[in-house]
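Those protein sequence lines, which keep their order, are chains A, B and C. Okay, so the first sequence: first residue is 40 according to this note's numbering, each after it adds one. Okay, so the second sequence: first residue is 418 according to this note's numbering, each after it adds one. Okay, so the third sequence: first residue is 29 according to this note's numbering, each after it adds one. Comments concern the structure below.
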Amino acid sequence: MTLDILMSILVAGITTGALYALATVGLSLVWGSMGMLNMAHAAMLTMGGYAAFTVSSALGLPVIAGFAGAIVIGMIGGSLLYMLIVRNLLKNDKSTFESNVMIATVGIGIALENAILMIYGGQPLKQPLSIPGTLMLGPLALPYQNIVIILTVVVLMAFIALLLNRTRMGRAIRATAQNRDAAQLMGVAVNRVYFQVLVLSGGLAGICGVMVSSITQLSPPLGNDPMLKAFIMCVVAGLGNLPGAVAAAFGLALLEAFIQYAAGARWGFPSLLFVVIAVLIWRPSGLFGRAQIRRL
Amino acid sequence: MTAATLPPVLSLKNIVSGYGGLDILKGISLDVGAGEFVTVVGPNGHGKSTLLKTISGLVPLRAGSISIDGTEVTGKPHTVAGLGVAHVPQGDMLFPEMSVLENLLMGAYLAPGKAEIDRRLDEVYTLLPKLSDRRHQIASTLSGGERRMAGIGRGLMMGGRILLIDEPSLGLAPLIIEQIYGVIAELSKAGRTILLVEENPARVEDLADKLHLLDDGAIVWSGPPADLLAREELLATYLGG
Amino acid sequence: MSNQPVSRPNSPTGSAKTDLAITVVLIAIAIALPFFVDSRYVMGQIVLALFYATIASQWNLLFGFSGIFSLAQMAIFAFGGYATAMICFYFGWNVWAAVVPGAVGAMIFSLAVGLACLRLTGVYVALLTLAIAQTMYQLIVTDTECFTMVGSICRQFTGGAVGFARFGELGTRALLKGQWLVGNYAIVATLFAITMLFTYAIIKSPIGLAFRALKDNPGYAVARGVNRFQAQLLVFGISAFFTGLAGGFYAAHFQAIGPGILSMSQLMFIIAVVVVGGVGTFWGPLVGTVILVAADELMREAGEFRTFGLGIIIALSIILMPKGLVGRLGDLVRWSRKRGQAAHREKLAESPAPAGE
Numbered sequence: 040m041t042l043d044i045l046m047s048i049l050v051a052g053i054t055t056g057a058l059y060a061l062a063t064v065g066l067s068l069v070w071g072s073m074g075m076l077n078m079a080h081a082a083m084l085t086m087g088g089y090a091a092f093t094v095s096s097a098l099g100l101p102v103i104a105g106f107a108g109a110i111v112i113g114m115i116g117g118s119l120l121y122m123l124i125v126r127n128l129l130k131n132d133k134s135t136f137e138s139n140v141m142i143a144t145v146g147i148g149i150a151l152e153n154a155i156l157m158i159y160g161g162q163p164l165k166q167p168l169s170i171p172g173t174l175m176l177g178p179l180a181l182p183y184q185n186i187v188i189i190l191t192v193v194v195l196m197a198f199i200a201l202l203l204n205r206t207r208m209g210r211a212i213r214a215t216a217q218n219r220d221a222a223q224l225m226g227v228a229v230n231r232v233y234f235q236v237l238v239l240s241g242g243l244a245g246i247c248g249v250m251v252s253s254i255t256q257l258s259p260p261l262g263n264d265p266m267l268k269a270f271i272m273c274v275v276a277g278l279g280n281l282p283g284a285v286a287a288a289f290g291l292a293l294l295e296a297f298i299q300y301a302a303g304a305r306w307g308f309p310s311l312l313f314v315v316i317a318v319l320i321w322r323p324s325g326l327f328g329r330a331q332i333r334r335l
Numbered sequence: 418m419t420a421a422t423l424p425p426v427l428s429l430k431n432i433v434s435g436y437g438g439l440d441i442l443k444g445i446s447l448d449v450g451a452g453e454f455v456t457v458v459g460p461n462g463h464g465k466s467t468l469l470k471t472i473s474g475l476v477p478l479r480a481g482s483i484s485i486d487g488t489e490v491t492g493k494p495h496t497v498a499g500l501g502v503a504h505v506p507q508g509d510m511l512f513p514e515m516s517v518l519e520n521l522l523m524g525a526y527l528a529p530g531k532a533e534i535d536r537r538l539d540e541v542y543t544l545l546p547k548l549s550d551r552r553h554q555i556a557s558t559l560s561g562g563e564r565r566m567a568g569i570g571r572g573l574m575m576g577g578r579i580l581l582i583d584e585p586s587l588g589l590a591p592l593i594i595e596q597i598y599g600v601i602a603e604l605s606k607a608g609r610t611i612l613l614v615e616e617n618p619a620r621v622e623d624l625a626d627k628l629h630l631l632d633d634g635a636i637v638w639s640g641p642p643a644d645l646l647a648r649e650e651l652l653a654t655y656l657g658g
Numbered sequence: 029m030s031n032q033p034v035s036r037p038n039s040p041t042g043s044a045k046t047d048l049a050i051t052v053v054l055i056a057i058a059i060a061l062p063f064f065v066d067s068r069y070v071m072g073q074i075v076l077a078l079f080y081a082t083i084a085s086q087w088n089l090l091f092g093f094s095g096i097f098s099l100a101q102m103a104i105f106a107f108g109g110y111a112t113a114m115i116c117f118y119f120g121w122n123v124w125a126a127v128v129p130g131a132v133g134a135m136i137f138s139l140a141v142g143l144a145c146l147r148l149t150g151v152y153v154a155l156l157t158l159a160i161a162q163t164m165y166q167l168i169v170t171d172t173e174c175f176t177m178v179g180s181i182c183r184q185f186t187g188g189a190v191g192f193a194r195f196g197e198l199g200t201r202a203l204l205k206g207q208w209l210v211g212n213y214a215i216v217a218t219l220f221a222i223t224m225l226f227t228y229a230i231i232k233s234p235i236g237l238a239f240r241a242l243k244d245n246p247g248y249a250v251a252r253g254v255n256r257f258q259a260q261l262l263v264f265g266i267s268a269f270f271t272g273l274a275g276g277f278y279a280a281h282f283q284a285i286g287p288g289i290l291s292m293s294q295l296m297f298i299i300a301v302v303v304v305g306g307v308g309t310f311w312g313p314l315v316g317t318v319i320l321v322a323a324d325e326l327m328r329e330a331g332e333f334r335t336f337g338l339g340i341i342i343a344l345s346i347i348l349m350p351k352g353l354v355g356r357l358g359d360l361v362r363w364s365r366k367r368g369q370a371a372h373r374e375k376l377a378e379s380p381a382p383a384g385e
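As structure tokens, then:
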């Protein structure tokens, strides 16, 4: 393996790792704080990608507006998810929430994907929010798009870490994740926390959708592949464990990139799955997770 | 120290609550006056924790009424906390992955401003200097006694008008229990209103103004602690000697 | 300790008498159906619906009764179908001979999946089984390597994106000529009946009781020696046998099998059937199938709105009636019975009064 092949695998691996990390964090945040596995996350990702397309291509507004549009649509999606689904399911028996919300969001996810198909059609579209060109650093070829993705993800991760660790709202989110009853006793309105978390994760999904479509293409099932990967990364890290999720995302993305190079693209995901199952047999609550505890 | 002339800070009238198809509390009435120290004793599993959880809203009220300062409260735990009820729950229920300081800051979640938070922090650190030493330690790594102190400290950070304390001696070594009750005695002396539940009436003999004996979800006896301790037949019947 | 009677946990089935009555009525309907249905299209849809009901009943056995949230249900169904088709295609077996090894294959596949997943709980099981199902789909669709040549056409080992066709049939055409569809209907209806019978037996068996105990009080059940993992693995395997068997008959009935049945919307349909009918109710999957196949026929007019509508139906029904139609019906029956009892008790209370005066 020559150096430039190794480099290009690394660049590809780190870029997809950044995307997976973004998708995984959005999922893990919601799971960690409210015990909800959002199966509609993939559709929210796709919505973000298409929103950016509509704003900047169809309406002809500047790129930054397209980006903002994706975030706003994602946040609206998250808030609607709370108001229409989650709030109603929380009224029922608590013990059934986990599976009911999963089934409900499976339904919402497929309905949204289908709605996008009906509005935009099935043919792939080009995401206008992509930057052509490559930065050459000696033997290293860095496409600008990949640099933008990696930088954006780093900034977002820092933002989330600051939000969770340094703000009153973030502390309330973590408190709710670690002990919901105690958080309520401290005066935290957990329903408001749930709303905030879903809006936040919706916004992240929107950004992630723009990023993913900028290196591939826009299509209605856009979010499904990163989401499936994000699922197994969450499983490896232990659901709700954010730093673990980020580490798992980069690790598995690099592994995937190497396997795809060595054995062909179709073996990438099966190999990941194999690794995940091996990890789980070894440590049933995830690589970094401790049994039965979810937290942020 | 009794404040019979003042209106009660907390007043329970015939409250009924429980889980699923089961009523745990079957009509409990009691008052806690300003600055009073009231204790509810009773064997395990007879509703002591449920009583405090019902007051703070973690267990929904099924019948009866709860009033704070004369106004009836019916609400979720976070609104009750907003009314000045600080519940120090059984088993501490700290936020395990947060530092002691973050736990204390969560206690002051509803505090009006930074100055007030700092003032309460100073107060808590003065009363519980151990917490100051341990402020950056993660809560799940604390010892049992330190955890209990952090739980009490977090409750104090809420700046509530009334402290609900659930079995502060549970699972601690005798020496530590003494320390914890020392802190509670200081709080009471400083004029705090306290409703405490405890299995062993002897622990509150010198502290409590009034004592209620709880059996199977109902109050079966009320009076000063010394009177109960003198009634051996009551102790034998309800608390197993 | 309590002054209120603890409400008896809802039994997953009706009383034995009700279940027997429903069974008799259903068998009568099943026998009468071919005499009333002339349309070949409708008959075909009924056969398809019976397949859905079979898969759904097994998913319900997993999720509703045993607490296994498996999203690999269609993968196991497809495994049975593919195994049957491949045995016929590569070894030239008769489909009747191939369905049983096909079902056993599906069972072995599911036990492997179960060994990997079932030590985990709840959502982890869902995520892993979904990933396994998707992997199976992707591996089949992206299979482009020639395994054998059929004439001048290259055949992949898994059939690739096209799948397998014309590998054999159930033999009803030779036997019944124009009425072959009725013959297939009889076969699939029998398969469904046998599946339901076994499901009933499992629910009433010690395993079924163990699961109810695990649901009501996990700590106590575990303390009494109920091993969740082993019990779940057992049910996972048994249900996979029937699901795989249904897959084999599905392939034989349509004389074709392709990766399309692994798609998300197929899985969605099965989940919708169970959710609408009633999760954890014995008759729920059948009721759900009738309702959703009928709704699906109506939505066919709406064309592209079909999948959209399905998604919305799933979300709405889990919010509005988490226990499904059968659960709602059960609530209604219990409510009216309670009212009846209350009225009866009032009468009893009133009647002695005059005597006392």
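Note that beta-carbon positions come from the ideal geometry of N, C-alpha and C, so glycine has one too. Predicted model only: the values in this text are computed from it and were never measured.
Return the chain-ordered list of same chain residues with a C-beta closer than 7 Å to the C-beta of Ser267/C, the five sequence neighbours on each side being excluded. The sequence position of residue 267/C within the third sequence is 239, counting from 1. Excluding residues within five positions, the ones whose Cβ falls inside 7 Å are Gln86, Leu89 and Leu90.
Count the other CB atoms, across all protein chains shown, that sit within 10 Å of the CB of Val426/B; report buried if there are 16 or more and exposed otherwise. One-based indexing of the second sequence puts residue 426/B at position 9. Flag for Val426/B reads buried.
Pro494/B versus chain A: which residues are under 7 Å apart at the beta carbon? Locating residue 494/B in the second sequence gives position 77, where the first residue counts as 1. At a beta-carbon threshold of 7 Å, the residues of chain A lying near Pro494/B are Gln223 and Leu224, ordered along the chain.
Taking 7 Å as the threshold (C-beta atoms), are Val94/A and Val105/A in contact? Counting from one through the first sequence, the residue named residue 105/A turns up at place 66. Counting from one through the first sequence, the residue named residue 94/A turns up at place 55. The sequence given here has Gly at residue 105/A, not Val. Yes, the pair counts as a contact, with Cβ atoms nearer than the cut-off.
How many Å lie between Val502/B and Thr467/B at the Cα? As a working mapping, residue 502/B is identified with position 85 in the second sequence. As a working mapping, residue 467/B is identified with position 50 in the second sequence. Going by the C-alpha atoms only, they are around 15 Å apart.
Top-ranked residue by Cα proximity to Pro171/A, from Pro163/A, Pro178/A, Gln299/A and Pro182/A: Numbered from 1 along the first sequence, position 132 holds the residue referred to as residue 171/A. With distances taken between Cα atoms, Pro171/A lies closest to Pro182/A.
Contact between the region 76 to 84 of chain A and the region 312 to 320 of chain A: three or more CB pairs below 8 Å? no
Confirm, please, whether the CB-CB distance from Pro167/A to Ser96/A is below 7 Å. Your numbering for residue 96/A matches position 57 in the first sequence. Your numbering for residue 167/A matches position 128 in the first sequence. Result yes, Cβ atoms of Ser96/A and Pro167/A sit closer than 7 Å.
Cβ-based burial, Gly437/B [other Cβ within 10 Å; buried from 16]: Residue mapping note: residue 437/B aligns to position 20 of the second sequence, counting from 1. Classification for Gly437/B: exposed.
Could you tell me which residues DSSP pairs with Met175/A in its beta bridges? On the first sequence, position 136 is the one that residue 175/A refers to. The partner list for Met175/A (beta bridge, DSSP) reads Ala180/A.
If you draw a straight line from the C-alpha of Ile115/A to the C-alpha of Gly146/A, how long is it? Working through the first sequence from its first residue, we reach residue 115/A at position 76. Working through the first sequence from its first residue, we reach residue 146/A at position 107. Their Cα atoms are separated by approximately 18 Å.
Give the range of the beta strand (DSSP E) segment to which Tyr80/C is assigned. In the third sequence, counting from the first residue as 1, residue 80/C sits at position 52. It is not in any beta strand (DSSP E) - Tyr80/C instead sits in the alpha helix (DSSP H) that spans Arg68 to Asn88.
Could you tell me whether any Cβ in chain B is nearer than 7 Å to the Cβ of Gln235/A? Counted from its first residue, the first sequence places residue 235/A at position 196. Not an interface residue.
Listed in chain order, which residues of the region 326 to 341 of chain C have Cβ atoms closer than 9 Å to some Cβ of chain A? Glu332, Phe333, Arg334, Thr335, Phe336, Gly337, Leu338, Gly339, Ile340 and Ile341
Spatial neighbours of Pro382/C in its chain, beta-carbon cut-off 8 Å, leaving aside the 5 residues before and after: Position 354 of the third sequence, counted from the start, is the residue given in the question as residue 382/C. Below a pLDDT of 50, predicted positions are generally treated as unreliable, and Pro382/C, at 41, falls in that range; the measurement from the model is reported next regardless. Result list for Pro382/C: empty, nothing under 8 Å.
Could you give the residue range of the beta strand (DSSP E) that holds Trp121/C? Here the question's residue 121/C lines up with position 93 in the third sequence. Following the DSSP letters along the chain, one finds Trp121/C in no beta strand (DSSP E), marked with neither H nor E.
Hey, out of Leu128/A, Ser134/A, Arg207/A and Leu151/A, whose CA is closest to Gly348/C's CA? Counted from its first residue, the third sequence places residue 348/C at position 320. For the sequence presented, residue 348/C should be read as Leu rather than Gly. Comparing Cα positions, the closest option is Leu128/A.
Val301/C and Ala77/C - do their beta-carbons sit closer together than 7 Å? Looking up residue 77/C in the third sequence gives position 49. Looking up residue 301/C in the third sequence gives position 273. Contact: no.
Flag this pair as yes or no: are the beta carbons of Leu257/A and Leu151/A separated by less than 7 Å? Sequence index remark: in the first sequence, residue 257/A carries index 218 (1-based). Sequence index remark: in the first sequence, residue 151/A carries index 112 (1-based). No. Outside cutoff.
Residue closest to Gly355/C, alpha-carbon to alpha-carbon, out of Val307/C, Thr317/C, Leu338/C and Gly368/C: Along the third sequence, one-based indexing puts residue 355/C at 327. Among Val307/C, Thr317/C, Leu338/C and Gly368/C, the Cα nearest to that of Gly355/C belongs to Val307/C.
Leu293/A versus Asn77/A: straight-line alpha-carbon distance, rounded: Stepping through the first sequence from its first residue, residue 293/A is reached at position 254. Stepping through the first sequence from its first residue, residue 77/A is reached at position 38. Roughly 26 Å between the two C-alpha positions.
For Met177/C: DSSP bridge partner residues: For the purposes of this step, residue 177/C is taken as residue 149 along the third sequence, with counting starting at 1. Residue pairing by DSSP places Met177/C opposite Cys182/C in a beta bridge.
Identify the contact partners of Ala214/A in chain B, using a Cβ-Cβ distance below 9 Å as the criterion. Position 175 of the first sequence holds residue 214/A. By Cβ distance, chain B contributes Phe512, Met515, Glu519, Asn520, Met523 and Tyr526.
What is the C-beta distance between Gly275/C and Ala100/C, in whole angstroms, given that I count them as a contact (C-beta under 8 Å)? In the third sequence, counting from the first residue as 1, residue 275/C sits at position 247. In the third sequence, counting from the first residue as 1, residue 100/C sits at position 72. That pair is no contact at about 12 Å.
For Val216/C and Phe277/C, believed in contact at Cβ under 8 Å, the rounded distance: As a first step, residue 277/C is located in the third sequence; it is residue number 249 there, counting from the start. As a first step, residue 216/C is located in the third sequence; it is residue number 188 there, counting from the start. About 6 Å separates the beta carbons of Phe277/C and Val216/C, which is inside the 8 Å limit, making them a contact pair.
If you measure between the beta carbons of Pro265/A and Ala62/A, is that distance less than 7 Å? Counting from one through the first sequence, the residue named residue 265/A turns up at place 226. Counting from one through the first sequence, the residue named residue 62/A turns up at place 23. Result yes, Cβ atoms of Pro265/A and Ala62/A sit closer than 7 Å.
In chain order, which alpha helix (DSSP H) runs of at least 4 residues are fully inside the region 193 to 234 of chain A? 207 to 217 and 219 to 224
Minimum C-alpha distance to Lys493/B - residue among Ala222/A, Phe270/A, Ala211/A and Ala90/A: By one-based count along the second sequence, residue 493/B stands at place 76. Lys493/B has its Cα closest to that of Ala222/A, out of Ala222/A, Phe270/A, Ala211/A and Ala90/A.
According to DSSP, simplified to helix, strand and coil, what is Phe47/C? In the third sequence, counting from the first residue as 1, residue 47/C sits at position 19. Just to set this straight, residue 47/C is Asp in the shown sequence, not Phe. Asp47/C: helix per DSSP, three-state reduction.
Around the Cβ of Phe185/C, are there at least 16 other Cβ atoms within 10 angstroms (buried) or fewer (exposed)? As a position in the third sequence, residue 185/C is number 157, starting the count at 1. It counts as exposed.
Determine the contact status of Val151/C and Cys145/C, defining contact as a CB-CB distance below 7 Å. If you number the third sequence from 1, residue 151/C lands on position 123. If you number the third sequence from 1, residue 145/C lands on position 117. Cβ atoms of Val151/C and Cys145/C: not closer than 7 Å.
If you drop the 5 nearest sequence neighbours on each side, which residues of the same chain put their C-beta closer than 8 Å to that of Met177/C? For the purposes of this step, residue 177/C is identified with residue 149 of the third sequence, where counting begins at 1. So the list reads Arg183, once near-sequence residues are dropped.
Return the bridge partner residues of Tyr436/B from the DSSP annotation. Working through the second sequence from its first residue, we reach residue 436/B at position 19. According to DSSP, Tyr436/B bridges with Leu439/B.
I believe Thr82/C touches Leu219/C by the beta-carbon criterion, under 8 Å. Please report the beta-carbon distance rounded to the nearest angstrom. Counting from 1 along the third sequence, the entry for residue 82/C is found at position 54. Counting from 1 along the third sequence, the entry for residue 219/C is found at position 191. With 8 Å as the limit, Thr82/C and Leu219/C qualify as a contact, their Cβ atoms being about 6 Å apart.
Please name the residues in the region 147 to 165 of chain C whose beta-carbon is closer than 8 Å to at least one beta-carbon of chain A, in chain order. Arg147, Leu148, Gly150, Val151, Tyr152, Ala154, Leu155, Leu156, Leu158, Ala159, Ile160, Gln162 and Thr163
Candidates Val614/B, His495/B, Pro546/B and Ser473/B: closest to Ile582/B by CA position: On the second sequence, position 165 is the one that residue 582/B refers to. The candidate whose alpha carbon is nearest that of Ile582/B is Val614/B.
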